[in-house]
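Structure record follows, encoded as structure tokens.
2 protein chains.
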Amino acid sequence: MATLNRPGASDGHVCGIDAAMEVIGGKWKVLILWALHEQPHRRFGELRRLVPGITEKVLASHLRELEADGIVDRVSYDEVPPRVEYTLTKDGIRLNDALGPLAAWGRERAGDAGS
Amino acid sequence: MATLNRPGASDGHVCGIDAAMEVIGGKWKVLILWALHEQPHRRFGELRRLVPGITEKVLASHLRELEADGIVDRVSYDEVPPRVEYTLTKDGIRLNDALGPLAAWGRERAGDAGS
DNA sequence: CTGTTCGCTCACCTCAGGGTAACCACCCAC
DNA sequence: GTGGGTGGTTACCCTGAGGTGAGCGAACAG
């Protein structure tokens, strides 16, 4: 509905999708989201193992961005050795929900040739 | 469940989302998709105008990638001046459908502060 | 004859996101 | 004391997606 060619869109986005794309635009973001979706309350090291190939730096920075975007919640326990847990916020859960159909589409076309 | 930590995923993807992300990963892909969704059968120049800020080179390459991925259909009429029309394929339409919830999520959090 | 439209293509350059790797403070097991 | 585990941080480098600008070949307006 003409969301695209409406010049007065709020904050530079022409439709909701690129607002979402800004959040999940990182290379590993969706994988982190997915890992967190399957098993909430993961720790840093667990996440690193769950997302094979990611480096600590990138995992940390992505986690920070997701936290800043209100997608994940970071809880650090003041123990020793230091323990930090990451969870999805309500917004993050809804984001993952919204990602569901997209995942289904991708899986469908990966399995089926997509005729 | 456990799609993530399953090492034997088909072609390098751990879940359907990153398969989808490969398709819509370009900076302007979703905008093109969205423009095509709102009004099918757009021409190159129209698309360029509909997606403000994109350059010809990038539009052309993104269009080519989308075509290679079976998302858009390219029909070139052998007239003069040359005319080319782009349409969404059935797969593209379903992709846009799958993008719907994501767009809703983005719009919701753009408008609402996300409490 | 010049300029413009149309749908690109080519060569070049920039820049930010991501990769590499070392390091930190702390504690426990050996 | 040494090594390993915790959860990071910092510095540097590097690749590739994307931006810039020009041109092309035909027709048509002026």
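Protein chains in written order, with the working numbering: chain A, 356 to 470; chain Y, 356 to 470. In this text, a Cβ means the ideal position worked out from N, Cα and C, and glycines have one as well.
Counting only runs of 3 or more residues that sit fully inside the stretch 357-425 of chain A, no beta strand (DSSP E) segment turns up. Within chain Y, the residues whose beta carbon sits less than 9 Å from that of A:Ala-374 are Ala-458, Trp-460, Gly-461, Arg-462, Arg-464, Ala-465, listed in sequence order.
Contact check for Y:Gly-381 against Y:Glu-420 passes: the beta carbons are separated by less than 8 Å. In this structure, the straight-line span from the alpha carbon of A:His-368 to that of A:Ala-374 is close to 6 Å. In this structure the stretch 436-451 of chain A does not touch the stretch 441-454 of chain Y; the number of beta carbon pairs closer than 8 Å is below three.
Under the three-state reduction of DSSP output, Y:Glu-463 falls in the helix class. In the DSSP annotation of this structure, the continuous segment of the beta strand (DSSP E) that includes Y:Val-427 starts and ends at 427-432. The distance from the Cβ of Y:Val-406 to that of Y:Leu-418 is about 11 Å, inconsistent with a contact at the 8 Å cut-off. Between Y:Ala-390 and Y:Arg-398, the alpha-carbon positions lie close to 11 Å from each other. Under the DSSP assignment, A:Val-439 falls in the beta strand (DSSP E) whose first and last residues are 438-443.
Around the beta carbon of Y:Tyr-441, 16 or more other beta carbons sit within 10 angstroms, so the residue counts as buried.
With distances taken between CA atoms, Y:Ile-426 lies nearest to Y:Pro-395 out of Y:Pro-395, Y:Glu-401, Y:Arg-404, Y:Arg-462.
Rounded to the nearest whole angstrom, the CA to CA distance from A:Glu-401 to A:Ser-431 is 15 Å. Flagged as an interface residue toward chain Y: A:Asp-446, by a C-beta distance shorter than 8 Å. A:Gly-461 is classed as buried because its beta carbon has at least 16 other beta carbons within 10 Å across all chains shown.
Taking a Cβ-Cβ cut-off of 8 Å, Y:Ala-423 has no neighbours in chain A, whose nearest Cβ is about 13 Å from it. Cβ atoms of Y:Asp-428 and Y:Val-378 stay farther apart than 8 Å, at about 15 Å. Taking C-alpha positions only, Y:Asp-433 is separated from A:Ala-458 by approximately 39 Å.
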